[in-house]
Structure formats: C-alpha cells, structure tokens
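Participant: Could you have a look at this structure, given as structure tokens, before my questions?
In our numbering, the protein residues as written are 3 to 529.
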C-alpha cells in the first residue's frame with residue numbers, strides 16, 4: 003500500500019495535474035487529469051523526471067523491475083502509435099493489492115500490482131493503459147481548470163488529498179473533505195463522468211487500432227464493478243457517485259459491438275510478466291503454495307505456473323528447486339526474454355556466472371530492445387568478480403548521452419571491483435545526479451578530483467561536470483528560497499519535494515544559476 007509520506011510528497015505535484023483511475027478496492031472516482039495548456043512540453047518533461055525520481059528513489063512500494071517496465075512500455079508504444087499520440091510515456095509498478103492505475107504530468111503512468119494480477123488478458127491490461135493515456139492526451143485537467151478558474155487548483159489539491167489518503171483511512175479522507183467545498187467536489191465528480199466517457203470512447207479506438215481486443219475494456223470494467231458494488235452504499239456521501247456505473251459498462255459494450263470484438267490469445271510475455279508480478283504481490287512462500295496447487299489446462303498456463311514457481315523459489319533462496327522447473331519449461335518451446343533472464347538468474351544463484359553472462363549476452367541480439375538483458379549480463383560478470391567484462395557490457399552505452407541510472411550504478415560497481423577510485427566516483431556522481439541529489443554528485447566529483455588519474459581531457463570533462471552540478475544545486479537552493487519568500491516561512495516537516503509555481507518574471511530567473519532554465523520555474527522544497 004502506498005505510504006502516506008509518499009502521498010504528501012505528491013500533493014503539490016497534484017496542483018499542476020494528476021489523474022487517478024481508481025479501481026476495485028479503492029472505491030474512488032477520477033478527479034482530474036494532466037494539463038497541457040498551462041505547461042509546455044519541456045515543463046511536463048521536467049515534472050515527469052521529478053515524479054519518477056520520487057517514485058524510484060523515495061517510495062518503498064516501488065517495484066524495481068526493469069523487465070516489467072519494458073513490457074508495459076511495449077504496450078504503451080503500440081497504443082501511442084495507434085492513437086498518433088505525441089509525447090513520451092513512462093511506466094512503473096507499485097506493490098499494492100488495490101486495483102488501481104494512475105497517470106501524472108508528463109505521461110508518467112503507474113500500475114498497482116493488484117491491477118495487473120486482476121487482469122485476465124493482455125487486452126484487459128492494455129484497455130486500462132489506453133484509458134489513462136487518453137486522459138493525458140485530451141488534457142482533461144486543463145479543460146476542467148479553465149472552466150472553474152485558477153483558484154480551483156487549491157480546492158482540487160484538497161480533494162485529491164482526501165481521495166488518496168482516504169485509501170488508507172476513510173476517517174482521515176472524510177475529515178479532509180469536510181474542510182473543502184461540497185459543491186465543488188460534486189462538480190468535479192460530474193466532470194469526471196464526462197471525461198471518463200471520453201477516455202472510454204477514444205481509448206477503445208486506440209485499443210482496436212493497436213490490434214488488441216476492444217472487448218477487454220468492458221470485460222475488465224464488469225469485473226471491477228462486480229467487486230465494488232457491494233461497498234458503494236458505505237461510501238462517503240461526497241464520493242457516492244462512482245464513475246464506474248452500469249451505464250458506462252453498457253456504453254463500452256455497445257461501442258465494442260460497433261467496432262467488432264477480436265478474440266485473441268494473450269502472448270506468452272503477458273502471462274510470464276503477470277506471474278512475475280504475482281510473486282511480488284503474494285510473497286515467495288504464498289506464491290509457492292499457490293503454484294504447486296495450480297491445475298493448468300493449456301501449455302501457456304503451464305509455462306506461467308512453472309515460471310512463477312521458479313521465480314518464487316529464487317525469492318525464497320532455493321535455487322536448486324528453481325532449477326528443477328527449467329527442463330519442463332524449456333520443452334514447452336516458448337521464446338521470451340523473460341525465460342532467458344530466469345535461466346540466467348538461476349545460474350547466478352548456483353554460481354555459474356559465465357554461463358549466465360553467456361545466456362544474456364547471446365539473447366541481446368535476439369531481443370535488442372530489452373535493456374534488462376544488458377543489466378543481466380553485467381550483473382553476471384560482477385557476481386563472478388570480473389569487472390573488466392562487466393565494463394565491456396555497459397561502457398559502450400554510456401559513451402553517448404545516457405540517462406540510465408542502472409547502467410551508471412553497474413559501472414560504479416565494476417570500477418570499485420577493479421580498484422579504480424576516480425572512475426568509481428565519477429560513475430556514482432551520475433547516479434546521484436539522475437536521482438536529483440546534486441549535493442551527493444558534487445561530493446563524488448570532488449572525491450574523483452582528489453583521487454587523480456586520467457589525462458587532461460578526462461580532467462577537463464570532470465571539471466565541467468562539477469561546475470554544472472554546482473550550478474544545478476545553486477538553482478535548486480534558489481528555488482527553495484523563492485518558495486519560502488513567497489510563502490512566508492519554512493515548509494512543513496515531512497514535505498520532501500513540493501513543486502509549486504514561481505513567477506517566471508522573478509529576478510532570480512533573469513540572472514544567476516537559474517537563468518537558463520528550460521521550463522517554468524518551480525520550487526523544490528526539502529531534499
């Protein structure tokens with residue numbers, strides 16, 4: 003379950019646009035969606051980067067699973083092409099049993115493990131993604147706020163605070179709502195119904211255009227509705243009008259009849275990814291018990307069971323039992339990068355490091371769009387204490403401009419193994435920089451300078467990078483000072499990064515460290 007501290011860190015982000023699709027266990031309606039009319043693409047990208055930093059490096063429920071993220075990104079790319087959507091979409095998973103997905107500024111979309119497990123087909127999962135991507139592309143929050151006036155942002159933030167915090171405590175959520183404006187809340191719910199219908203309509207078109215079965219949307223809606231209707235009578239009076247109604251399900255079903263259903267079997271990657279996430283959600287021991295009792299009727303279902311069982315055994319530190327699942331899994335004949343990394347992880351756990359590296363290295367040619375295979379190969383060499391081989395895997399990708407913090411972390415570990423202090427500190431500095439921790443990056447670069455080594459070109463590059471980190475850190479402090487100046491005091495304790503609008507005409511942005519900001523200035527409060 004998402005921690006309240008994480009919710010507090012995101013509340014200020016809500017002020018400039020957050021959309022939430024609540025599902026079965028949450029019992030809550032959509033209250034607004036990403037704004038484009040008040041944000042440039044560069045601004046949205048900057049906000050998206052900060053959200054991802056908060057999720058990846060601050061939120062304990064974040065599932066650090068590049069393979070799941072790659073799979074979701076593949077679906078997102080298919081949908082974006084079908085819908086001719088501009089912009090970049092990024093996806094992540096949170097360990098949370100509730101059936102929920104949500105999108106945030108810049109096209110950042112999160113999925114709860116509970117929603118992935120609740121889906122039964124790839125088309126059902128894709129239907130949720132299409133719905134969320136449509137909210138983003140149609141700029142629903144911008145349209146809502148433009149009709150309500152700029153003061154609506156503060157009220158919307160309090161509403162969303164009640165909704166999000168109310169997931170963990172109904173009493174707290176009701177208390178926050180009690181301090182708001184009931185009429186405005188009801189208006190927001192009405193807008194939500196309108197936008198939900200629009201997201202359903204355009205999402206279905208995108209779903210069909212991408213080659214998925216549009217029947218996945220009403221099927222998933224019907225399952226959510228069946229799970230939630232028994233609890234609706236107990237909902238807060240402010241939230242009693244749930245956006246997922248029988249009329250909405252019927253409308254989706256009618257549109258599918260017009261478009262035409264396309265029954266299809268889900269690909270093996272969907273089933274393997276779902277099993278992988280199920281192990282995360284259930285925990286190793288519970289997952290082992292479930293998979294051992296599973297009665298499979300198809301080869302695909304059997305492959306998913308064996309894969310999930312092997313993953314669960316690995317998580318339970320039983321690599322030999324995990325290895326026992328591989329022969330039957332291989333005889334089923336499925337080709338998937340998920341199966342390659344499973345075999346490699348088993349090999350690493352059993353001390354067969356060179357074999358694991360070979361498996362992932364050979365698979366990279368067959369699956370060139372899977373960075374997880376590059377991580378896998380490097381991890382195998384590092385596990386076998388071969389830092390040089392690990393660097394041969396990661397260095398080529400880092401010679402060009404690269405924003406992959408995982409590769410920099412692998413590079414730092416490899417150089418540490420080889421005793422190369424300067425290179426270790428430089429790589430670790432990039433990890434900190436990508437986390438938004440400029441102070442940490444500066445410390446690492448200063449340590450790299452003290453360690454010496456490298457020719458004059460490397461030293462010049464390091465000096466330039468240090469100057470850039472100092473500028474970014476000074477700009478961050480300037481934004482924090484502006485925030486405090488405009489809000490007459492220090493931020494409340496517990497606020498990690500509150501992004502609030504600062505006028506672009508402020509003198510600090512005409513000169514000084516922030517004068518070249520590419521996006522509308524905001525203040526980052528706290529770390």
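We put the CB at the ideal spot given by N, CA and C, even for glycine.
In chain order, what residues of the same chain lie with their CB nearer than 8 Å to the CB of residue 374, ignoring the 5 residues before and after it?
Facilitator: Position 372 of the chain shown, counted from the first residue, corresponds to residue 374. Excluding sequence neighbours, residue 374 sits near 68, 69, 72, 339 and 343.
Participant: Considering just the uninterrupted stretch of the beta strand (DSSP E) at residue 112, what are its terminal residues?
Facilitator: Along the chain shown, read from residue 1 onward, the residue named residue 112 stands at position 110. Note, residue 112: beta strand (DSSP E), 110–114.
Participant: Taking residue 282 as the reference, give the member of 272, 434 and 317 with the closest Cα.
Facilitator: Working through the chain shown from its first residue, we reach residue 282 at position 280. Closest by alpha carbon: 317.
Participant: Skipping 5 residues on each side, what residues in its chain have a beta carbon closer than 6 Å to that of residue 388?
Facilitator: On the chain shown, residue 388 is found 386 positions in, with the first residue counted as 1. Closer than 6 Å at Cβ, skipping near neighbours: no residue.
Participant: Taking its Cβ as the centre, do 16 or more other Cβ atoms sit within 10 Å of residue 115, making it buried, or is it exposed?
Facilitator: Stepping through the chain shown from its first residue, residue 115 is reached at position 113. Counting Cβ neighbours within 10 Å, residue 115 comes out buried, since at least 16 surround it.
Participant: Per DSSP, which one or two residues make a beta bridge with residue 64?
Facilitator: On the chain shown, residue 64 is found 62 positions in, with the first residue counted as 1. 96, per the DSSP bridge assignment.
Participant: If you run the structure through DSSP and keep just helix, strand and coil, what is residue 242?
Facilitator: For this step, residue 242 is matched to residue 240 along the chain shown. In this prediction, residue 242 has a pLDDT of 35, which is less than 50 and means its spatial position is unreliable; what the coordinates show is noted afterwards. Coil, per DSSP.
Participant: Expressed to the nearest angstrom, what Euclidean distance is found between the alpha-carbon atoms of residue 418 and residue 327?
Facilitator: By 1-based counting over the chain shown, the position of residue 418 is 416. By 1-based counting over the chain shown, the position of residue 327 is 325. For residue 418 and residue 327, the distance between alpha carbons rounds to 35 Å.
Participant: Using only the alpha-carbon positions, how far apart do residue 408 and residue 431 sit?
Facilitator: Start at 1 with the first residue of the chain shown, and residue 408 comes out as number 406. Start at 1 with the first residue of the chain shown, and residue 431 comes out as number 429. Looking at the two C-alpha atoms, the distance is approximately 13 Å.
Participant: Could you pull out every unbroken alpha helix (DSSP H) segment of at least 4 residues lying fully inside the segment 268–329, listed in chain order?
Facilitator: DSSP runs (the alpha helix (DSSP H)) wholly in the segment 268–329: 270–284, 286–294, 301–317 and 321–326.
Participant: Identify, in the order they occur along the chain, each residue of the same chain with its Cβ nearer than 7 Å to the Cβ of residue 352, setting aside the five sequence neighbours on each side.
Facilitator: The sequence position of residue 352 within the chain shown is 350, counting from 1. The residues are 321 and 325.
Participant: Buried or exposed for residue 459, going by 16 or more other Cβ atoms inside 10 Å?
Facilitator: Within the chain shown, residue 459 is the residue found at index 457, counting from 1. Exposed is the call here.
Participant: Going by CA-CA distance only, name the one from 134, 57 and 50 that's closest to residue 85.
Facilitator: Numbered from its first residue, the chain shown carries residue 85 at position 83. Among 134, 57 and 50, the Cα nearest to that of residue 85 is on 134.
Participant: Can you tell me the Cα-Cα spacing of residue 136 and residue 53, whole angstroms?
Facilitator: Taking the chain shown and counting its residues from 1, one reaches residue 136 at position 134. Taking the chain shown and counting its residues from 1, one reaches residue 53 at position 51. If you take the alpha carbons of residue 136 and residue 53, they lie about 20 Å apart.
Participant: For residue 415, tell me which candidate among 399, 393 and 94 has the shortest Cα-Cα distance.
Facilitator: Against the chain shown, residue 415 aligns to sequence position 413. The option with the nearest alpha carbon to residue 415 is 393.
Participant: Per DSSP, what kind of secondary structure is residue 340 in: helix, strand or coil?
Facilitator: Position 338 of the chain shown holds residue 340. Three-state result, residue 340: helix.
Participant: In whole angstroms, give me the CA-to-CA distance for residue 157 and residue 319.
Facilitator: Residue 157 sits at position 155 when you count from the first residue of the chain shown. Residue 319 sits at position 317 when you count from the first residue of the chain shown. The predicted model places residue 157 with a pLDDT of 42, which falls under 50 and marks its position as unreliable, so this point remains unresolved.
Participant: Would you say the beta carbon of residue 53 is closer than 7 Å to some non-hydrogen atom of the ligand GTP?
Facilitator: The model depicted lacks the ligand GTP and carries no ligand whatsoever.
Participant: Check residue 104 in the structure and name its three-state DSSP category.
Facilitator: As a working mapping, residue 104 is identified with position 102 in the chain shown. If DSSP states are grouped into helix, strand and coil, residue 104 belongs with the strands.
Participant: How would you call residue 166, buried or exposed, if buried means at least 16 neighbouring beta carbons within 10 angstroms?
Facilitator: Residue 166 sits at position 164 when you count from the first residue of the chain shown. Residue confidence for residue 166 is low, a pLDDT of 42 falling below 50, so the modelled location carries little weight; the figure read from the coordinates is stated next. Under this definition residue 166 is a buried residue.
Participant: Can you give the beta carbon distance from residue 124 to residue 272, rounded, assuming they're within the 8 Å contact cut?
Facilitator: For the purposes of this step, residue 124 is identified with residue 122 of the chain shown, where counting begins at 1. For the purposes of this step, residue 272 is identified with residue 270 of the chain shown, where counting begins at 1. Yes, they are in contact, since the Cβ atoms of residue 124 and residue 272 sit about 4 Å apart, within 8 Å.
Participant: In the DSSP assignment, find the unbroken alpha helix (DSSP H) run with residue 442 in it and report its ends.
Facilitator: Start at 1 with the first residue of the chain shown, and residue 442 comes out as number 440. Taken as a continuous stretch (DSSP letters only), the alpha helix (DSSP H) holding residue 442 covers 440–453.
Participant: Apart from the five residues just before and just after residue 140, which ones in its own chain have a Cβ nearer than 8 Å to its Cβ?
Facilitator: Position 138 of the chain shown, counted from the first residue, corresponds to residue 140. So the qualifying residues of the chain are 35, 197, 200, 201 and 204.
Participant: Among 294, 276 and 220, which has the Cα closest to the Cα of residue 258?
Facilitator: Taking the first residue of the chain shown as position 1, residue 258 is located at position 256. Answer by Cα proximity: 220.
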